[in-house]
Each structure stands twice: as structure tokens, then as C-alpha cells.
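Protein chains in written order, with my numbering: chain A, 1 to 94; chain B, 95 to 620; chain C, 621 to 742; chain D, 743 to 1013; chain E, 1014 to 1096; chain F, 1097 to 1263; chain G, 1264 to 1394. One structure below.
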Amino acid sequence: MSLEPLITSIIMYTIPIFILAYILYFIRILKGPTVPDRVLAVDALAFDLVVFLIVLGIYFKSPVLPVVAVVLALWTYAFDIFIAKYLERREMGG
Amino acid sequence: MFDYITIGLTPPLMIAMAFTLPIFTLAIKRKAFYDIYALTATTIALMLTAYNYYLVFYVAKRPIAYPFGGWPPPIGIVYEVDALSAYFGVFIAAVMLMISLYSVWYLRGVSGYEWYYTMLLGLEAGMIGCVYTGDAFNLFVMLEVLSVAAYGLVIFYRMSHEAIEAGIKYSLIGAVATTIYFIALVFIYGSFGTLNMADIAYKSRGGGEFPFSYMVVGNIHLASAIALALSMWAFTFKAAVVPNHFWLPDAHPAAPTPVSAALSGLVVKVGIYAIIRFLYTIYGLDSLHTIANVVSIVMKLLIILGALSALIASALMVVQNDIKRLIAYSTIMHVGLIVISMSIGTKLGIEAALYHTVNHGIGKALLFMSAGVLIRVAGSRNIDEMSGVGRYMPLTSFTLTLAVLSLEGLPPLAGFFSKLLLYEAFIDSGLAIMAVVLVVSSTFALLAYIKLLYGAYFKLPTKELGRVRESWTYLMPLAVLAALLVVLGVCAPIFVDEVLTPTSSELLNPLKYVSAVNEVVKALGG
Amino acid sequence: MIEYVMVVVGGALLLIGAVCDLIGALGMNRFPNFFVRLHAATVGVIGGAFYPLIGAALIAFGSEYLGTYRWFVGGCALVSAFLILILAPAGSHALARAAHKSKTAVVTPKVADHLEEDGGVK
Amino acid sequence: MKKELLIAMSMVITVVVMAYIATLGGGLGPLFSDVRPLAKAFLSTTLDPEKPLFTAMSPEAVTAIVWDYRGLDTLFETAVFYLAIIGAIAIYRDVNEKVGLKGSGLGLSKIVRVVTKVLIPINIAIAISIALHGHLTPGGGFQAGAAMAVMPMLLIVVFSRYFLLELKLTKGLALAFRSIGLTGIALTVFLPIIIALVNGVNAYIMQNQMKVNAPVGLPAFIGNSLISGSLILYNVFEFLAVTFGFSVLFLLLSIEEDIVKDQMRGEVSEH
Amino acid sequence: MDMTYLLLAISMLFALVATYSAIVERYLVKAVVFSALQSIAFTLALYLLRAPDIVLVYLPITVGIYPAAILFLIKKSEEVEEL
Amino acid sequence: MKLVKIIPVAILTYIIYIVFSGSVSTYDLVLGVVVAVLAGYLTSELLVSDVGKALSIKRFIWLMLYGVYYLTIAEFKAHFDLIKRILNPKMPINPGIVRTPYNVGNDYSVVTIANSITNTPGTVVVHLDEGRKTYYVHWIDVKAPDPKTTYENIVKAFEGYVKKIFE
Amino acid sequence: MSTELDIFLANLSLISLIAIIGVSLYGILARPNIVKKIIALTIFTDAANLLAILVGFRRPPSIPPVLLNLEPRATDIAEFSASAVDPLPQALVLTAVVIGMAVNMLIIFIALQVYRLYGTLDARKIRRLRG
């Protein structure tokens, strides 16, 4: 029994939902109004993109692609922390 | 055993020596060690490039390709040294040796010499790599090596407003320029399906199949036109041709004096080398009809731009009060002349351009370095404030005068013969107006130089300096460069016959360039 | 058979996650201020990223046609899920604290702000 | 005037490029189901045990190109990064980074601190895995170094730069580690030459596997594991170099402005 | 049915909007956030173009290192661009 | 003593390494040990204070139990609640930042509880005051702003498990 | 999905990419603040890199240039080279990304020094201050 059609169809249904969610996040990023709002939306968008990338990797049948996702998760966190530090402190290094 | 390994060895060895230098900074603080390290590295580079020159001109008598990693050319990278590359390589290595020798004196009492030397070695590796490489993308990488080292050296005086401002301008526009060259490469790869210069040259001349990359895959006419336009924009920036010259009068004077000499004498010439490579080897007047049209349009445009450079820069020279700024403007003027001559497209024009390149490089280095000594003693760069300093230092004044006379074209110095060749080339190709440009710009330059010499030597000193002892550490490189100017002048006919004629004839026959690569491919099992 | 179960469970988690994601994005747009939006973002991140990542890992383990590299995909998914589980709350907390400290975002509407009463973030 | 000229020129270039692109250049492009012959040459030789004289022995074509086929580009690319770091250090020369050592009260909240601490070993595992699998799966020395560089950056931001100094990671030490990595790369570049000198045969700079007339090859396998000769060495050294290169940059960038201004004040520029 | 081109177009449009916002935004921190958003959109594009190696090196540099370095720079200098 | 401290960190690193590599070839198994020992050597001083606790099986089982409880029941309830609020056209929210006391001392316990709170939709830890042993939690539906209610509603469910795991 | 739609979408993304290049060039040349120039420069280099990757793409179904079989036979290699995307632009872009990063980091350091000396990062004011 081949599972490939089943997996592909499941993924096909999720992709439009994800894209819709991205558009909504994108609107929030553009609207703001404050910096933390935007960063929060970027954050959520990036973490969702992690899922999306892995799912796309399975969908494209390219099993080496998803290694990217881990690095995206790591650096998104770092981006949050940078902005938080920027807002909190007088010096970034202190 | 190792066929032509010296060709592949030179730039990697230089950069490896730069890589290891910071390890020593943990343990050794003495300046003498770093002086000797840098001198050793530059001497090795000169020996290697001289040997390569010998190989190309006397042993092989044809271009030599060295494949890295043993991969045949379009797959791997080759260093391809033809007469032009060998010629530029020796020129760069020789002047860089003199510059590092001068730096030994110049850097006394300046902190950060270890980083200075590291960047200087990187600069030299970048320049030699630029002229040796036979791969268009590798040229991009080497240009970036060169540029980053140059940015780092321009901002070496970190508390100087002028240097930092020049640095930010130079680096921002430089980054844009190299990126534009990268976009040009994207088009080249997109249509030619290859990045090897010989391969592109072969295909742009309507050649058939090349090993591994086979036929062209796209519309090479349009792509070549766009790539030429973009890359010429980038290279005219590197070569400081009007209208992309505006960074030079800020950046060159702001750097430490030896670096000014290197930037004016050599780095600008790398831009010229790249233009020659693109206009004669990769593309050319003998390539496919549409591409040849574009090339000839580019050449005509370059002639106009070169004339503009010469006129504008020489006019601006006269009004400068800052001695280093004056010399920097003179660089733009000479680059303009070289660009005109090399864009004519005749053999004589190329010869004149190549000859003038070397003469200007040596003369400009000598001029900057002599002026640097006077500036150090006078404590100012303003011509009015350094009046009469030259009287305390006769030897330095002598080399300064020699450099000025050579750049101005006085027999029997080298500059005279190259200007004569330029003049002949202009007349020969029916561009008498360019000869007028040459004369007019030289006249303007003469005015500026008279102002310089008058201020530095003939004017009465305004302040008492006491007895100034001239040090042999800086006189040695000055003397060597001055001697080179005289020798190049005296031996001009021999030089033209032995060096310039083979170089230009090889340049006008790019199939030789292609065949050298083809031999390597065959040897490596293509 | 075990593959089939894994794929179905994984697919269900994935679909739930996608819906959570959409709802979180909707909440991001509906809620009035930054601090309330934080909760919507949590729905988007934990419900919309952590659970579907587990689902994606299950799908990857179940998809035999990917060859031995399917363990690699699943491993990536699991490691990302673990990272998101520990990193996302810390990031949200850091942003919330920074926003409160720098007074960038307002807390109103509010029932109480004890942090403000106690002198704010030091 | 100059600026308008530049803008006009850039717009012209843009329009020209756009005209070319919109027609996709008439050649192979993103819409064609074929690639250039040269790409085929790379793809078909990147791992081919049946042709031992003409292969890079790495299933990852990009890493194979980056460090084997076109290794020279990458060598000088590290040189660019290196020279940029040296330029930054030259700006900060003689600035004492240890001045102003302050105690507690720096950095972000406890929650972020603990999470970041736990992240360190996880990040090391991920980064080194990317480096060591560079010749098998996407990744390699630079990618791993970039993934690892999040750690010094986060530590500086979360704990303050003095935390790194307490861990003895000063600018000088980081630079020394970077130089060790770069020297390793340089040695690997010349390794085939050295082996060939000992054996008295021909070899090329940056050679990896054996070639037609150069019978010097670095081993492609250890036991049954594919290590692709020099690629794994390059990846490990590059990982070291990049990680510490970024550390140097961040350590410099995070020095407090008052300290820098204080130490740079009074310096005169000479000419 | 393959969604590569559709997703590519969407991500490029996202990137275009983000770029435009980043360039015209006067508050530099917001510009940094927009440029990070542009990088994330480009990440998706590069992923769709089957270039995992590039993503691995591009993502840390443009999402992590550039914003951090530019934030350091902004923190030490001025926050608003005056027109 | 220092060498023993390496073990818990090394085990964590090794698991991550193997899972991320997704293969159990000799190459990975051997190099994984090297990497794990290296990471443990570099970071054990920062991470581990009591080796006995870190290697205890009982605590590990409690961690698993907590994980299962948290990821299924707690998260599910909180998600469901918040999704209702988002989708409700009237958007019934009642937000505020409230003091929430806690009774654990260990760093890891404090952080685990805080992260658990933040990870359940509806509550976000804004600030942590270790002197007063108080979280300042932004709660989307403040039932009553007194410490007892907040403790019952937010912290209590996690504290029991966490005490067994880390204390 | 029909071919016309594919062509339209590919052209749409290419034109957006070119628009990004244009906008970022405008940012570099016309915006006064040096930080803004740096941001625009990073976007410019990114767009150039993406252009290169796009040139090396091939129509799906295509796979990344990684051979999944460690002991390939001739048929495996043929299948691989018939479906993988062009690895050369990826390698070039890898180099170009790192180079761009190095140059941009150096520019950031120089900009910091500019602020130390001039007290402003506005290019117009810097020019005026020179006097």
C-alpha cells in the first residue's frame, strides 16, 4: 500500500491555510503599530514557516531540504532577543 | 614534476602568509619582526612573479594555464597567465616590494602595524590574483579581496575625519560596483553557460563546441551587451574614470602614504587590466558581429570618458592646495589618457597604454612616497605650509622632481617615451583631437606641478627646521624607483621590442589564449 | 500498517495545527494591543507550529518512499519542535518585558496592572 | 547633480535588465526542464565511484564545487572575511576591551538566561552536525559556523559581553582560534603538494582525489564511512574559523561606546 | 500539480512589499524589522528554488547577524532618519 | 567531580546529535560521542550543579509524565478556551497583569514553570521577581486580581510536577 | 497547473525581483541616512544573489543538487543529473553571500566610526561638516 497520494493530499489541504495565515501575519507586521507588535508577528510567522518548510520538503520529495528549519528556529529566537535587548537597555552589549 | 606550479602558487601563498600573521601577534610585539615578515612575503612574491614572467616570455612563449585541483578548465578554476598578466604581475610585485620597504620607515611610531601589514599582504594577493586569474567569477572574488583590503587601509587613520568619510563613501559605492559586476556575471553564465574566460572568448567569437560546456545555451548577443555595460560600469569605478571618479580624490589622499602610492599606482591599474581583458580577450572587435558592435560602441564611449577624465582632472589639479590631493587628481588624468589609448583598438594604442601604465605606476608611487617624506617633515599637507621644506632634504627633493618630470614627460625619463607613444598612437589612428587633449592636459598638469615644486623647494622656508637627516630606510625604495624610471626611459626601444610588442600581439590574438586552455583540458582528460 | 496510523495521526495534527495557525493569525489582527496579541501568538506558535511539527515528523517517519533520509527529516522536525518549545516562550517573555519596560506598548484595556503598581521592571 | 545622475543611471540599468529578464534571455531559465551542459558535468561527476580519476567523491554537489571544483574561490572568500575582520580590529586597535568590568545587573531576565544556557550544548550539537555532514547533506563549514555564531551573539546580548570575558573568550583568543582555523585551511590547500613532494610525483594545489597525471589523492573513505578526502578537513577548519571570526566581530561591536570614545580621545591622525 | 511557482510569486511579492516598507520607513528599528521580514521571504524563495545550502548560510546572516549588527549601530548612534 | 558533571550534558547533546543526524551509522555514533564530550566539557560548569539529581531515573520519569500531562491536557484546554475567545464576534477579553506567587527555589523549576505558563495560551509571564517569589503574569481573563486566585488558576497545576522533577 | 500560469507566475516573481533591485538601488543612492544605505545595500546584494539562483533553476519536479544514494550506479547518476537543479550558481552565491556579509560588516564598523567623529549619520550633514 502506497501512502504517497494520501500524504500529498493532506499536505495539499494545509498549504492554502498556511498561506492565508501568512497573509494575516503580514498585515499585522505592516500595520504595527509598535515595534514589539511587528516583531511578535515576524516571530510567529517564522515559527510557522518552520513547519511549512518541513512540510514542503516532504511534499517535494526532497528529504535533504528540511535541515533549514532548525536554523530558522534558532535565529528567530535570536532576533527576538536582539529587539528585546534593544528596547530594554542603553547598550546592546551591557 | 610540478608543471608551472609557481603560477598557481603565488596568490595562495601570499594569502596563507597573511592568514598566519595574527598568530604571532599573541607572542611577538616587536615591529622589526613584522617588517621582516612583510618584506619576506613581498620578496617571495616578486621572485615568483618574475619567474612566471620568465616562463611565459622565454620558456613557453605562449599563455600558460594552471588548473587548480587538477580539474579541467570550465569545471575547475584556472590561472591563466599570458604576456599581459605576467607583465602586470611583475609590475605589481615590484612596486609592492618598494612600498613595503617604505612602510618600514613610515610606520615608525604608528600603532597597529601588524594589521597594516596583514592588509597590505592581502592587497597584494588580491591584485596578483586579479591579473592571474582565468575565470570571470574568480576575478570577482579577487576584486573583493582587493577592495576589502583597500577599505581597511584607507580607514587606517581612524581618528582622521577625512579618512573615515572617504572610507565610508569608497566602501559603499565599491560594494555596489562589485555587486553590479556579479549581476553581469549572472547574465554571462545564464547565456554562455560557462564562467571561464577562454571559454567565453571562444564562444563570443562564434567558435564551436568547447569541452564540458558545449554550445551556448541562450541569447548571447543581448546578454553580452548587458554584461559589458554592467561590468564596464563596475570597472570604470575601480579605475576611477569620469564619471565614476568621485571617490578617488577623497580616498587616496586620506590613506597612509604608502597605501596612497599602492592605490594610485596599482589598484587603479587593476581596473584598467580588467577593462583590457574584457575588451580584448573575452570580447573583442573580432567577435560575433553584434557583440563587436557593442564593443566598438563601448570603446568610443571610453575614449570620450577618458578625454573628459584627462581634461577635468588636470584642470582640477591646478586649484588644489593639498599636495596629496593634487597627486590624486593627477592619477585620474593619467588613467584617462591610458583609457583613451587602450580604447583605440590598434596595436600601437595598446602598447602605449601598457607602457604608460607602468611608467605612471612607478612615477606615481615615487611621487607619493617622496611627498610623504616631505609631509612628515613639514607636518602638513598644505603646499603653502610646506614651503621650502625640500631645501632641507635634497635627495628626497631630487626624487620628487624626477617623478614629476617623468610624469610630465621629459626625456630621457620613461614618461617621455610613453607619452610619445601615446601621441603617435593618437595621430596614427586619426584621433588628432585626442593628441590635443594630451597636450592640453599635460600643460595643465605642468602648471600644477610647477606650483608644487615651487612651493616645496624654491619658496623660502617659513619656519626653521634645523638640520634634517635623511634616512636610508626611505631613500632606498625611492632610489630604486627613480633608477627604474631612468632605466625604463633609457632602454625604451628595447623595452618596446622585448616586452610590449609580444604582449600586444598576443592580446590581439585571443585564440592563443583559448588554445592554452584547450591543451590543459586535453592533458587532464576532457 | 503502523505507517498508515502514523501518517493519519500526523496528518490530523498537521491539519489541526494549520487551523490553529490561521486562528492565531486572525487573533493577531483582532486583538486590541500588544499584550493581548501575545496570547494569539502563543496559539500561532504552540498550536500552529509545535503540534504540526510533531505531525510532520510522524508523516516523515511513515513515508517510506523517502528512503533512509526520512529519519533525517523526522529528526529535523523533532529537534525544531523541541527548540520551539523551549525558545518561543522565552522570546515572548523577553519581548513582553521589554515592551513593558520601555513603555512602547500600552497595557489598556486592563483590569489591573500590578507590575506598574510595584514599580515596573527594574 | 551627481546624485541625480547616478539615480538616472541606475534606473536605466534596471530597465535594461528588466527588458532582458522579462523575455528570460531566450536561453535556459527557470521555466525549462533542462540545465546547462556544465551543470550536467558537475552533477554527473560529483560522486561516481566507477570513475575514480574524475570525481569529487561527495554526494553534495554544492559543497563539492565550493571546496573542490572551485576551491580557490572559497579560499579567497575566507580571505575577504578575514581581511574585513582585520579592518575592524584595526579600527579598534589599542582599545582595551577589559575596562569597565561590571558585575551583576546586566543583561536580560532570568528566564532568558537559563534558556540560553540550555541552548548552548544543543546548538553545539546542531552546528557540529551540520559541519560534519557537510559533504553528505546540505551544510558545510560556513553554514555550521553561521549557525554556531548565534551563540556568542546571544551570550553577549543576554548576559552582557563581560560574561564572555569571564569565560576567557577575549578578542585575542578568538582571533588566535580563527587564525588556527585559517592556517588549517591553508595547510589543507598545500597538503597534496607536500605529499607529492615526499613521494616524488605530480600534484596540483587544492587537489582532492586522484587525477589523470597526478596520482595523489586524499582518502575518500575511512572504514566504510564516506569522508570525501579534503572536504571534511576544510569543513571542520572553516567551522572553527567562521565561529571565532564572528565572535571577534561581536566582541568588538559590543564594547561600550563611552569606553571606546574615552580610549580613542586625544589620538591625533598623522600624515 | 506543483506549487513552486505560485509560492515563489507570493514570497517575492511579500519581499517586494517588505523592501519598499524598509526603504521608506523613517524609524530605523522598524526598517530593520522589515528587512528581516524581507529576508524571511527570500528564505522561502530560496527554499523553493531547491537551494538548501544557500538558505543555511543566508538565513543566519540576514535574519540574525545583519539585524544584530545594525541594531548595535543604531543603539550607538541615532534612531530616526531625517529627511 | 568536574568530569562526572559532563555526563548529563553529554547525554543531552548526544541525543540531539543523533536525532538531528537521523542516522545510526558508525560515523555518526563515534563522532557523536566526541561532540557530546566536547560540549559537556565546555558547558557543564554552567549548566549542572548537582549531578545526582541530573542523573536520577525517578525525576526523568516524572519529567515524562509532566510532558504528557502538559502537552495533552493543559495545552488543549487553554487552546480551546482562547480559540473560543478569538472566534467569538464580541471578543470577551478581560486582560490585566497580575501578581502570581510561587513556591519553588531552583532556577530550573522557576524557568520551567514560567515557560509552561507562557506556553499555555491565555497567560504570559511578563516579569519575574525572585526576591518576592512572584511572577507578573499577563492574563487574558482575570477572574480576580488577588494572589490566591491567580495561584490556583495559573501556577498550581504545574508546580506539583516541577517540584518532583527539579527540587 | 497550466503552462501559461506558470510562465505568468515566474515572470511576476522575476519582475518583483527586479523591482526589489530598483527600490534598493534607490535606497542606497537617495536616502540620506547611512544606516538606511546599509540596509538597502544588504537587500541589493540579496536580490542579486536570488537572481543568480533563479537562473540556475529548472522546472519542477526538480530536486536539490544532493545525491541521495551513497553507492550510485550509472543509472542513479543519470537520473540525478536529469532532475537536480544547477549547483554552480548555488556555489557562486554561497561565495557571494559570504563576501557581501564581510564587506557589509566592515561598512558597519566604518559607519560606527563616522558617528564617533561626526556625531551624525546623515550623509548630507557629514558633507557639510567637512567645510
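Positions of the beta carbon are idealized from the N, C-alpha and C atoms, including for glycine. All values reported here derive from a predicted model rather than from experimental measurement.
Would you kindly check if the distance between the Cβ of residue j and the Cβ of residue i is under 8 Å?
i: M411 of chain B; j: Y423 of chain B; result: yes
i: A328 of chain B; j: Y275 of chain B; result: yes
i: S1325 of chain G; j: V1298 of chain G; result: no
i: N966 of chain D; j: F96 of chain B; result: no
i: L579 of chain B; j: L507 of chain B; result: yes
i: T985 of chain D; j: M895 of chain D; result: no
i: T820 of chain D; j: A983 of chain D; result: yes
i: I406 of chain B; j: L546 of chain B; result: no
i: Y264 of chain B; j: Y211 of chain B; result: no
i: G1218 of chain F; j: K730 of chain C; result: no
i: A230 of chain B; j: M291 of chain B; result: yes
Would you kindly report the start and end of the unbroken alpha helix (DSSP H) that includes residue i?
i: G711 of chain C; result: R690 to K721
i: G1148 of chain F; result: V1147 to A1150
i: L1224 of chain F; result: Counting along the chain, L1224 of chain F falls outside any alpha helix (DSSP H), though it belongs to the beta strand (DSSP E) covering T1219 to D1225.
i: P343 of chain B; result: L342 to A348
i: Y607 of chain B; result: P604 to A617
Taking residue i as the query, report the chain G residues whose CB atoms sit under 8 Å from its CB, ordered along the chain.
i: L217 of chain B; result: What L217 of chain B touches in chain G: nothing, since even the nearest Cβ is about 14 Å away.
i: L1045 of chain E; result: The question names Leu, but residue 1045 of chain E in the sequence shown is Val. Going along chain G in sequence order, the residues near V1045 of chain E (Cβ under 8 Å) are I1302.
By how many angstroms is the C-alpha of residue j removed from the C-alpha of residue i?
i: M463 of chain B; j: A446 of chain B; result: 25 Å
i: G1382 of chain G; j: S1090 of chain E; result: 8 Å
i: G1394 of chain G; j: N415 of chain B; result: With a pLDDT of only 46 at G1394 of chain G, under the threshold of 50, the placement of this residue in the model should not be trusted; the figure read from the coordinates follows. Between G1394 of chain G and N415 of chain B, the C-alpha separation is close to 15 Å.
i: M1264 of chain G; j: I10 of chain A; result: With a pLDDT of only 49 at M1264 of chain G, under 50, the local geometry of the prediction cannot be trusted, and no value is derived from it.
i: M743 of chain D; j: R1294 of chain G; result: Low confidence applies here, because M743 of chain D scores a pLDDT of 45, under 50, leaving its location unreliable; read the following figure in that light. Straight-line Cα distance between these residues: approximately 15 Å.
i: S871 of chain D; j: I376 of chain B; result: 43 Å
i: S1287 of chain G; j: A1310 of chain G; result: 9 Å
i: G1077 of chain E; j: E1248 of chain F; result: 40 Å
i: E518 of chain B; j: K458 of chain B; result: 23 Å
i: L56 of chain B; j: R299 of chain B; result: Absent from the model: residue 56 of chain B. The displayed extent of chain B is 95 to 620, so no value can be given.
i: A1081 of chain E; j: I1306 of chain G; result: 15 Å
So which residues on chain A does residue i lean against when the C-beta distance must stay under 7 Å?
i: I1023 of chain E; result: I19
Under 9 Å Cβ-Cβ, which residues of chain D neighbour residue i?
i: D1269 of chain G; result: L773
The beta strand (DSSP E) spanning residue i covers which residue range?
i: W809 of chain D; result: Where W809 of chain D is concerned, there is no enclosing beta strand (DSSP E), given that its DSSP letter is neither H nor E.
i: A159 of chain B; result: I158 to P161
i: H255 of chain B; result: H255 of chain B -> not in any beta strand (DSSP E); alpha helix (DSSP H) instead, spanning H255 to F286.
i: Y173 of chain B; result: V172 to V175
What does residue i reach in chain D if we use C-beta pairs closer than 8 Å?
i: I1213 of chain F; result: By Cβ distance, chain D contributes nothing, its closest Cβ being about 10 Å from I1213 of chain F, past 8 Å.
Under the DSSP definition of a beta bridge, which residues are partnered with residue i?
i: P1197 of chain F; result: F:T1230
i: A407 of chain B; result: Answer is none; A407 of chain B lacks a bridge partner.
i: G1192 of chain F; result: F:W1235
i: N476 of chain B; result: B:D416
i: I1396 of chain G; result: There is no way to answer for residue 1396 of chain G, as the model of chain G reaches only from 1264 to 1394.
Which chain A residues sit within Cβ distance under 8 Å of residue i?
i: T1022 of chain D; result: The structure shown does not extend to residue 1022 of chain D, since chain D spans only 743 to 1013, so no value can be given for it.
i: V1042 of chain E; result: V35, I83 and Y86
For a contact defined as C-beta to C-beta under 9 Å, what are the partners of residue i on chain G?
i: E819 of chain D; result: L1357, T1358, A1359, V1361, I1362 and A1365
Starting from the beta carbon of residue i, find every residue of chain E whose beta carbon is closer than 8 Å, and list them in chain order.
i: A889 of chain D; result: L1069 and P1073
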